[in-house]
Amino acid sequence: MKSVIKGTGYILAHTPDMVFYNGSTQTTERIVNPDSEYLKELPKHLRKYDQAVSYWPHQVYIGNKTPEELENTPEPYYDKVCDCKDRFGKYGEIIPEDEFYLLMQASDVFDLVMLEKGFVSKTKDKFAKDQYIDESIVARVKEGFDLAEIEKCVKEEHAEGLYIDFKLVGCVKKAHDVDPNFSAHVIHENLVAKASSVLALIAGVKNAGISKDEVDFVIDCCEEACGDMLQRGGGNFAKAAAEIAGLNNATGADTRGFCAGPSHAIIEAASLVAAGTYKTVAVTAGGCTAKLGMNGVNIVKKGLPIMEDVIAGFCVIISQNDQKNPVINLDIHGKLAVGAGSAPQNVIGALVMDPLAEAGLKVTDVDKFSPEMQNAEIMKAAATGDVAEANYKMIAALAVKRGDLDKSVVPTFPKERGVKGYAPIQGHIPSGVPPIGYFRDEMLKGKMNRAMIIGKGSLFLGRLTNLFDGVSFVIEKNDGSKDSGGASEEEVKSLIAKAMKEFASTLLKAE
Numbered sequence: 002m003k004s005v006i007k008g009t010g011y012i013l014a015h016t017p018d019m020v021f022y023n024g025s026t027q028t029t030e031r032i033v034n035p036d037s038e039y040l041k042e043l044p045k046h047l048r049k050y051d052q053a054v055s056y057w058p059h060q061v062y063i064g065n066k067t068p069e070e071l072e073n074t075p076e077p078y079y080d081k082v083c084d085c086k087d088r089f090g091k092y093g094e095i096i097p098e099d100e101f102y103l104l105m106q107a108s109d110v111f112d113l114v115m116l117e118k119g120f121v122s123k124t125k126d127k128f129a130k131d132q133y134i135d136e137s138i139v140a141r142v143k144e145g146f147d148l149a150e151i152e153k154c155v156k157e158e159h160a161e162g163l164y165i166d167f168k169l170v171g172c173v174k175k176a177h178d179v180d181p182n183f184s185a186h187v188i189h190e191n192l193v194a195k196a197s198s199v200l201a202l203i204a205g206v207k208n209a210g211i212s213k214d215e216v217d218f219v220i221d222c223c224e225e226a227c228g229d230m231l232q233r234g235g236g237n238f239a240k241a242a243a244e245i246a247g248l249n250n251a252t253g254a255d256t257r258g259f260c261a262g263p264s265h266a267i268i269e270a271a272s273l274v275a276a277g278t279y280k281t282v283a284v285t286a287g288g289c290t291a292k293l294g295m296n297g298v299n300i301v302k303k304g305l306p307i308m309e310d311v312i313a314g315f316c317v318i319i320s321q322n323d324q325k326n327p328v329i330n331l332d333i334h335g336k337l338a339v340g341a342g343s344a345p346q347n348v349i350g351a352l353v354m355d356p357l358a359e360a361g362l363k364v365t366d367v368d369k370f371s372p373e374m375q376n377a378e379i380m381k382a383a384a385t386g387d388v389a390e391a392n393y394k395m396i397a398a399l400a401v402k403r404g405d406l407d408k409s410v411v412p413t414f415p416k417e418r419g420v421k422g423y424a425p426i427q428g429h430i431p432s433g434v435p436p437i438g439y440f441r442d443e444m445l446k447g448k449m450n451r452a453m454i455i456g457k458g459s460l461f462l463g464r465l466t467n468l469f470d471g472v473s474f475v476i477e478k479n480d481g482s483k484d485s486g487g488a489s490e491e492e493v494k495s496l497i498a499k500a501m502k503e504f505a506s507t508l509l510k511a512e
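Take the sequence shown: its position 290, counted from the start at 1, is 291 in our numbering, and no numbers get skipped.
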């Protein structure tokens, strides 16, 4: 049975105050250098909501603009206003920080998020107008607390503050007195990941044109891990987010693999559907507060705005073959085996060249490759370079070596066969999956036949192995053919009767 991509959801939450108070670069700087000039300068470099909404890469992420339109727009993007300034896009939305706090509180089932009464009263009506937020979620928003009570929790009980324009409007409380896994900082991280996953799930289901009850299983693949001192990464973000999103017929579990996690999860989901275990599976992930302002020091030195100011989320809905939507071809997938090595040519060889060769395909048989889709503008500003382009150059070089490509076309390969990086620097979020919604649209229009998603991850970050990780898979235009099913009931009866007759005949001959 074939698995198809039924729909996608891509959301952003603009959280400039979280950059300052919760991003790992800033929280670390506050500890080691409390009088930091960087921290004093940082507020001047934070963008307003309308600036984040009109930022070109963000409009591509939510589907109002295409990667080609971004490619044809000269950098830099931070000083340009996109001609599309819509909060809502084809795939999702860019939710402002104040409304996102309400979504965090609605996602909290242990009364750990406290919001100030006046702030709730001021924000709730516009939150309720969000096209992805239904009455069940709005009903979960509590009336609020007195500011003095919130201030006490922050000052005396180590709660994590929630701010708007540097003014305290709420907090996230710790969930245990001594368990570090339940510190306010960790609870805040986890609730942000959960809330952004909830919004992505709702957008994905809506865009797929299915009811919430049609989702049987949810796989979460973010980079966070929730648990306590007895099981630090026990989970389950998937089922927790599904509960708030209203997916009452679904169960779920988490898949982790650092940046490669989303690709692992999509392959698992497609396999579950192909096996008939579940009819519809949602792969989802929320964003990561630690990555907010991650490259802020270099960016502020260059006088640029902080562009790592959004929490991202995504969702891919995978279902049974409908003879229409693009197919995840499970016959073509790459893996970076334990013995493959971590050299770039080994990685691309294992994830791109080997699976294509096994399928009898050339690199030129793939219309588009999607490896690490980090926003190229941010990566260049951080002095890291264009990560996506580096991947394309390696694919092209190996394609020339294998005879798939003429050396003369190598310079144009990134533009012709690649997608310009535009996704937020959120670790797992950029790793291959951002253009899936766009690829699906192009295949439905008949403008694309095949795309390869390449997920890669740095396992050494966990301090358990120095190995690198990666998997890849291929999406193909649906040819409209029905899956070849098994034998009918009548055919089975006929086969059984024939077998019994032959068996009886054999016994007679033996006598």
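Where is the CB? At the ideal position from N, CA and C, for every residue including glycine.
8 Å Cβ cutoff met for I333 and P356: Working through the sequence shown from its first residue, we reach residue 333 at position 332. Working through the sequence shown from its first residue, we reach residue 356 at position 355. Yes, the pair counts as a contact, with Cβ atoms nearer than the cut-off.
Contacts around S55, its chain only, beta-carbon distance under 7 Å, and the 5 residues preceding and following it disregarded: Reading the sequence shown from its first residue, position 54 is the one you call residue 55. These residues qualify, in order along the chain: V82, C83, K86.
CA-to-CA distance, G447 to N65, given in whole angstroms: The residue given as residue 65 occupies position 64 in the sequence shown. The residue given as residue 447 occupies position 446 in the sequence shown. C-alpha separation (whole angstroms): 20 Å.
Rounded distance between the beta-carbons of I455 and I379, thought under 8 Å: Here residue 379 refers to the residue found at position 378 of the sequence shown. Here residue 455 refers to the residue found at position 454 of the sequence shown. Contact between I379 and I455 is ruled out by a C-beta separation of about 20 Å, above the 8 Å threshold.
Spatial neighbours of L169 in its chain, beta-carbon cut-off 6 Å, leaving aside the 5 residues before and after: Looking up residue 169 in the sequence shown gives position 168. If we look at L169 and ignore the five residues flanking it on each side, its Cβ neighbours are G162.
Buried or exposed (CB count within 10 angstroms, at least 16 for buried), P75: Indexing the sequence shown from 1 puts residue 75 at position 74. Exposed: under 16 other Cβ atoms inside 10 Å.
Check whether G10 and G262 have beta carbons under 8 Å apart: Start at 1 with the first residue of the sequence shown, and residue 10 comes out as number 9. Start at 1 with the first residue of the sequence shown, and residue 262 comes out as number 261. No, the Cβ-Cβ distance between G10 and G262 is not below 8 Å.
Range covered by the alpha helix (DSSP H) that runs through Y439: The residue given as residue 439 occupies position 438 in the sequence shown. Element bounds for Y439: 437–445.
Three-state secondary structure assigned by DSSP to L163: For this step, residue 163 is matched to residue 162 along the sequence shown. DSSP, reduced to helix, strand and coil, places L163 within a strand of the structure shown.
Chain-order list of residues whose beta-carbon lies under 7 Å from that of H15 (same chain, five-residue window excluded): Numbered from its first residue, the sequence shown carries residue 15 at position 14. These residues qualify, in order along the chain: Y50, A53, I95, P97, E98, D310, V311.
Nearest residue (CA-CA) to A266, options L43, S432, N23: Along the sequence shown, read from residue 1 onward, the residue named residue 266 stands at position 265. When only C-alpha atoms are compared, the closest one is S432.
Inter-stretch contact at 8 Å, needing at least 3 Cβ pairs: the segment 244–258 / the segment 219–227: Touching, per the Cβ criterion.
Helix, strand or coil at N330 according to DSSP, with G and I counted as helix: Indexing the sequence shown from 1 puts residue 330 at position 329. Three-state result, N330: strand.
Extent of the continuous alpha helix (DSSP H) run through V121: Here residue 121 is taken as the residue at index 120 of the sequence shown, counted from 1. Unbroken alpha helix (DSSP H) run through V121: 118–129.
C-beta atoms of S108 and I245 nearer than 8 Å: Position 107 of the sequence shown, counted from the start, is the residue given in the question as residue 108. Position 244 of the sequence shown, counted from the start, is the residue given in the question as residue 245. It is a contact, given that the beta carbons lie within the stated cut-off.
Inter-residue Cα distance where the pair is S212 and V206: Looking up residue 212 in the sequence shown gives position 211. Looking up residue 206 in the sequence shown gives position 205. Computed Cα separation, rounded: 7 Å.
Local Cβ density within 10 Å of I32, reported as buried at 16 or more and exposed below that: Position 31 of the sequence shown, counted from the first residue, corresponds to residue 32. In summary, I32 is exposed, with fewer than 16 beta-carbon neighbours lying within 10 Å of its beta-carbon over all protein chains present.
Whole-angstrom distance between G277 and A488, CA atom to CA atom: Counting from 1 along the sequence shown, the entry for residue 488 is found at position 487. Counting from 1 along the sequence shown, the entry for residue 277 is found at position 276. Low local confidence applies: a pLDDT of 47 at A488 is under 50, so the model's placement there is unreliable, with the coordinate-based value given in what follows. Taking the straight line from one Cα to the other gives about 16 Å.
Sequence-distant residues of the same chain with beta carbon closer than 7 Å to N191, five excluded per side: As a first step, residue 191 is located in the sequence shown; it is residue number 190 there, counting from the start. Hits under 7 Å: E225, C227.
Residues near V554 by beta carbon distance below 8 Å, same chain, minus five either side: Residue 554 lies beyond the stretch modelled for the chain, which goes from 2 to 512, so this question has no answer here.
Outcome for H177 when other beta-carbon atoms lying within 10 angstroms are tallied against a minimum of 16: Here the question's residue 177 lines up with position 176 in the sequence shown. Label assigned to H177: exposed.
C-beta atoms of G288 and G253 nearer than 8 Å: The residue labelled residue 288 in the question sits at position 287 within the sequence shown. The residue labelled residue 253 in the question sits at position 252 within the sequence shown. Their beta carbons are not under 8 Å apart, which means G288 does not touch G253 by this criterion.
Segment contact flag, the segment 393–400 with the segment 350–365, C-beta cutoff 8 Å, min 3 pairs: Result yes; three or more Cβ-Cβ pairs closer than 8 Å.
DSSP three-state assignment for M230, whether helix, strand or coil: On the sequence shown, position 229 is the one that residue 230 refers to. Residue state, collapsed to three classes: coil.
One or two residues paired with S409 in a DSSP bridge: Here residue 409 is taken as the residue at index 408 of the sequence shown, counted from 1. Under DSSP, S409 forms no beta bridge with any residue.
Where G463 falls: helix, strand or coil (DSSP): As a working mapping, residue 463 is identified with position 462 in the sequence shown. The answer is helix: DSSP assigns G463 an H, G or I state.
Which of helix, strand or coil DSSP assigns to M115: The count along the sequence shown starts at 1 and reaches residue 115 at position 114. In the structure shown, M115 sits in a strand (DSSP, three-state: E or B).
Unbroken beta strand (DSSP E) run spanning G171, endpoints: Counted from its first residue, the sequence shown places residue 171 at position 170. Note, G171: beta strand (DSSP E), 168–173.
Three-way DSSP call (helix, strand, coil) for Y56 in this model: Your numbering for residue 56 matches position 55 in the sequence shown. DSSP, reduced to helix, strand and coil, places Y56 outside both helices and strands of the structure shown, so it counts as coil.
Own chain, CB closer than 6 Å to M444, minus 5 neighbours either side, in chain order: Here residue 444 refers to the residue found at position 443 when the sequence shown is read from its first residue. Excluding positions up to five away in sequence, the list reads P327, K478.
Length of the line joining the Cα atoms of S272 and S482: For this step, residue 272 is matched to residue 271 along the sequence shown. For this step, residue 482 is matched to residue 481 along the sequence shown. C-alpha separation (whole angstroms): 19 Å.
Burial state of Q375, where buried means 16 or more other Cβ atoms lie within 10 Å: The residue given as residue 375 occupies position 374 in the sequence shown. Per the 10 Å Cβ criterion, buried.
Residue from I63, Y39, T29, N34 with nearest C-alpha to C316: As a position in the sequence shown, residue 316 is number 315, starting the count at 1. Of the listed residues, the one whose Cα sits closest to C316 is I63.
Where I138 sits in the DSSP three-state scheme: As a first step, residue 138 must be located in the sequence shown, where it is residue number 137. Correct three-state label for I138: helix.
Whole-number beta carbon distance between I430 and A286, since they are thought to touch under 8 Å: Numbered from its first residue, the sequence shown carries residue 286 at position 285. Numbered from its first residue, the sequence shown carries residue 430 at position 429. A286 to I430, Cβ: 7 Å. Contact.
Beta strand (DSSP E) segment containing F238, residue limits: Within the sequence shown, residue 238 is the residue found at index 237, counting from 1. Per DSSP, F238 lies in no beta strand (DSSP E) segment; the continuous alpha helix (DSSP H) that holds it begins and ends at 238–246.
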